[in-house]
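Trainee: Numbering (full-length UniProt numbering), first residue to last: 1 to 170.
Cβ coordinates follow ideal geometry from the N, Cα and C atoms, glycine included.
This structure is in structure tokens; I'll ask about it shortly.
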């Protein structure tokens with residue numbers, strides 16, 4: 001019997017204790033500091049979908065030589081893209097990168113966005129994004145004005161308290 005119990009003791013060392021997930025030290029006491037947090041879920045407002053790409057038949061595409069910073073290579077290669085929408089006469093020139101393929105992709109996206117803006121006006125994706133940026137900026141400026149106004153008031157109170165004109169206990 002001693003040999004069997006000795007083997008069981010050896011096995012117990014290598015086999016981990018099976019524990020209930022909500023209890024600590026086997027089944028003796030529950031764990032309260034588990035790090036479970038409950039918070040309110042906030043959903044971001046869903047932005048409108050991106051405008052669909054413009055059909056290839058609706059515009060003409062030409063490649064122009066680039067200008068501006070970037071060295072001689074920019075001036076020698078025809079990497080700038082010019083798109084002209086046939087129906088509206090809208091002309092768009094893009095030279096965002098040195099790569100012609102990236103400029104083509106960017107130009108098509110910009111053309112689709114411009115056409116959507118012309119169609120929908122204030123309901124377009126770009127107008128909605130611009131409105132949210134404007135609101136964020138105005139709230140940030142309001143916040144900074146409040147902050148500096150409160151700092152000025154605190155400094156004024158402190159200066160008056162030093163002179164003995166104001167009771168700080170308020």
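Is the Cβ-Cβ distance between residue 94 and residue 81 less than 8 Å?
Mentor: Here residue 94 refers to the residue found at position 94 of the chain shown. Here residue 81 refers to the residue found at position 81 of the chain shown. Contact check for residue 94 against residue 81 passes: the beta carbons are separated by less than 8 Å.
Trainee: Please go through the same chain and pick out, in chain order, the residues whose beta-carbon is closer than 6 Å to the beta-carbon of residue 104, but skip the five residues on each side of it.
Mentor: Position 104 of the chain shown holds residue 104. Contacts found: 81.
Trainee: Give every residue of the same chain whose Cβ lies closer than 7 Å to the Cβ of residue 126, excluding the five residues on either side of it in the sequence, and list them in chain order.
Mentor: Within the chain shown, residue 126 is the residue found at index 126, counting from 1. Excluding positions up to five away in sequence, the list reads 113 and 117.
Trainee: Below 8 Å on the Cβ atoms is my guess for residue 85 versus residue 58; work out the distance and round it to an integer in Å.
Mentor: Residue 85 sits at position 85 when you count from the first residue of the chain shown. Residue 58 sits at position 58 when you count from the first residue of the chain shown. In this structure residue 85 touches residue 58 by the C-beta definition: roughly 6 Å separates them, less than 8 Å.
Trainee: Measure the CB-CB distance between residue 98 and residue 73 and report whether it falls below 8 Å.
Mentor: Counted from its first residue, the chain shown places residue 98 at position 98. Counted from its first residue, the chain shown places residue 73 at position 73. Taking 8 Å as the Cβ cut-off, residue 98 and residue 73 qualify as a contacting pair.
Trainee: Taking the beta strand (DSSP E) that residue 80 falls in, what are its first and last residues?
Mentor: By 1-based counting over the chain shown, the position of residue 80 is 80. 80 to 85 is the span of the beta strand (DSSP E), which, as asked, contains residue 80.
Trainee: Run the CB neighbour count on residue 146, radius 10 Å, all protein chains shown included, and call it buried at 16 or more, exposed below.
Mentor: The residue labelled residue 146 in the question sits at position 146 within the chain shown. Exposed.
Trainee: Using the C-alpha atoms, what's the distance from residue 135 back to residue 153?
Mentor: Here residue 153 refers to the residue found at position 153 of the chain shown. Here residue 135 refers to the residue found at position 135 of the chain shown. So the alpha carbons of these two residues sit roughly 27 Å apart.
Trainee: What span of residues does the beta strand (DSSP E) with residue 92 cover, start to end?
Mentor: As a first step, residue 92 is located in the chain shown; it is residue number 92 there, counting from the start. Counting along the chain, the beta strand (DSSP E) containing residue 92 begins and ends at 91 to 94.
Trainee: Measure the C-alpha to C-alpha separation of residue 109 and residue 124 and round it to an integer number of angstroms.
Mentor: For the purposes of this step, residue 109 is taken as residue 109 along the chain shown, with counting starting at 1. For the purposes of this step, residue 124 is taken as residue 124 along the chain shown, with counting starting at 1. Roughly 14 Å separates the two Cα atoms.
Trainee: Determine the DSSP secondary structure at residue 139, reduced to helix, strand or coil.
Mentor: The residue you call residue 139 lines up with position 139 of the chain shown. It is helical.
Trainee: Is residue 75 closer than 8 Å to residue 89 when the C-beta atoms are compared?
Mentor: For the purposes of this step, residue 89 is taken as the residue at position 89 of the chain shown. For the purposes of this step, residue 75 is taken as the residue at position 75 of the chain shown. Contact: no.
Trainee: Could you tell me the boundaries of the beta strand (DSSP E) in which residue 60 lies?
Mentor: Against the chain shown, residue 60 aligns to sequence position 60. That run of the beta strand (DSSP E) goes 59 to 64.
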